[in-house]
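For reference, the structure discussed in these notes is given below.
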Amino acid sequence: TAVPTETAVPPTETPTATPIPTFTPPALPLTSPNEHYWLRRPIPDGGTVWTDKVYSYGSTRGGTLRTHHGVEFYVPSGTEILAAASGTVVVAGDDLTVPYGPHTNFYGNLIVIELDSRWNNQPVYTLYGHLSEVLVSEGQHVNAQELIGLSGASGVADGAHLHFEVRLGQNSYESTRNPLLWLYPFPDFGTVAGRVTWPDGSLAREVPITLRRIDGPSRYLAGTTYADDTVNPDDLWQENFAIDDVPAGYYELVIDMGEKKIKQELWVFPYQTAFVEIVLQP
């Protein structure tokens, strides 16, 4: 996976006068019971624990890269990599002979862990790619946040970073899900996910999406809908986009279609997924 060189900053807009409901955070830092925020960040506290927003799951970085089947954490080579949840190591080594991605030597040094917990009676796997060093062995049981390897730039990588995936049902490149809907949100942060379609029900591909906060300091977050069907929606949400690390608050979601913009307002609550459905008109 390639390393982005810049981050797009959406243009500044003048906030519209919108009545703001009272925001009361949940009393306890718990996710909704129908969600699966099971995973801790695989980077130690104090490191770059935020996921990259430019080359997110299902995106192509503006058509310049392969559709992304995971997310990136940009950390220096040699950064400690931690198990996101407890489980058993099923792959520990490299992919020089066995392809765990689209071809051999794609992830370089990698680790795959089958989690102790199952989702809807299906096994869940986490993959850690482009490592400089693997510190566990196949068959070993690891605990959440246990040291398993060191970051690097092995395989197809332009620079040091951690490539992280969630796979559901089987340990295959075709079975990924969006990690943003599995990584536990930070305190006072939530996630926005949604499904953007055309009137005939077909999915809208690579549509740019912007979140603008209404009830607090100006803050923009951006993403796109998934580029194609080589990546999978979550079994629960059936989304085709997700944006994580969204501070709790009241937002305007904007889809820029050129001559017209589609807008929808929504609340983002701590530790929860705010879901929107939008039908575009041609």
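Residue numbering for the sequence shown follows our numbering, starting at 41 and increasing by one per position. Glycine is no exception: its CB is placed at the ideal position from the N, C-alpha and C atoms.
- As the crow flies, the alpha-carbon of residue 251 is around 23 Å from that of residue 271.
- Only buried fits residue 135, as 16 or more other CB atoms lie within 10 angstroms of its CB.
- A distance of 9 Å or more separates the beta carbons of residue 188 and residue 125.
- Between residue 264 and residue 286, the CB-CB gap reaches or exceeds 9 Å.
- Counting only residues of its own chain and dropping the five nearest sequence neighbours on each side, residue 303 has a CB closer than 6 Å to the CB of 292, 294.
- When Cβ pairs closer than 8 Å are counted between the two stretches, the stretch 228-235 is seen not to touch the stretch 204-212, the count staying below three.
- Residue 180 holds the alpha-carbon nearest to the alpha-carbon of residue 154 among 180, 249, 137, 225.
- In its chain, beyond the 5 residues on either side, 279, 280 have a beta carbon closer than 7 Å to the beta carbon of residue 273.
- Rounded to the nearest angstrom, the gap between the Cα atoms of residue 158 and residue 164 is 6 Å.
- The DSSP-derived three-state label of residue 239 is coil.
- The shortest C-alpha to C-alpha distance from residue 203 to any of 269, 222, 167, 214 is the one to 167.
- Counting along the chain, residue 204 sits inside the beta strand (DSSP E) bounded by residues 202-208.
- Residue 162 sits exposed, since fewer than 16 C-beta atoms from the chains shown fall within 10 Å of its C-beta.
- Residue pairing by DSSP places residue 280 opposite no residue, since no beta bridge is assigned to it.
- Under the criterion of beta carbons closer than 8 Å, residue 220 and residue 268 do not qualify as touching, at roughly 18 Å.
- Judged by DSSP in its simplified three-state form, residue 97 adopts coil rather than helix or strand.
- Following the DSSP letters along the chain, one finds residue 292 inside the beta strand (DSSP E) bounded by residues 289-296.
- No Cβ-Cβ contact shorter than 9 Å links residue 320 with residue 222.
- For the options 262, 282, 290, the alpha carbon positioned closest to that of residue 255 is the one of 290.
- Every beta strand (DSSP E) of 3 residues or more that sits fully in the stretch 146-208 is shown, in chain order, as 149-159, 162-174, 187-191, 202-208.
- The three-state secondary structure of residue 305, taken from DSSP, is strand.
- For residue 318, the enclosing beta strand (DSSP E) begins and ends at 313-319.
- The beta carbon of residue 317 sits closer than 7 Å to those of 234, 235, all from its chain and outside the five residues before and after it, given in chain order.
- Contact between residue 201 and residue 170 holds: CB atoms are separated by about 6 Å, below the 8 Å threshold.
- In terms of Cβ geometry, residue 191 and residue 172 form a close pair [threshold 9 Å].
- Distance from the Cα of residue 160 is smallest, within the candidate group 288, 307, 275, 297, for 275.
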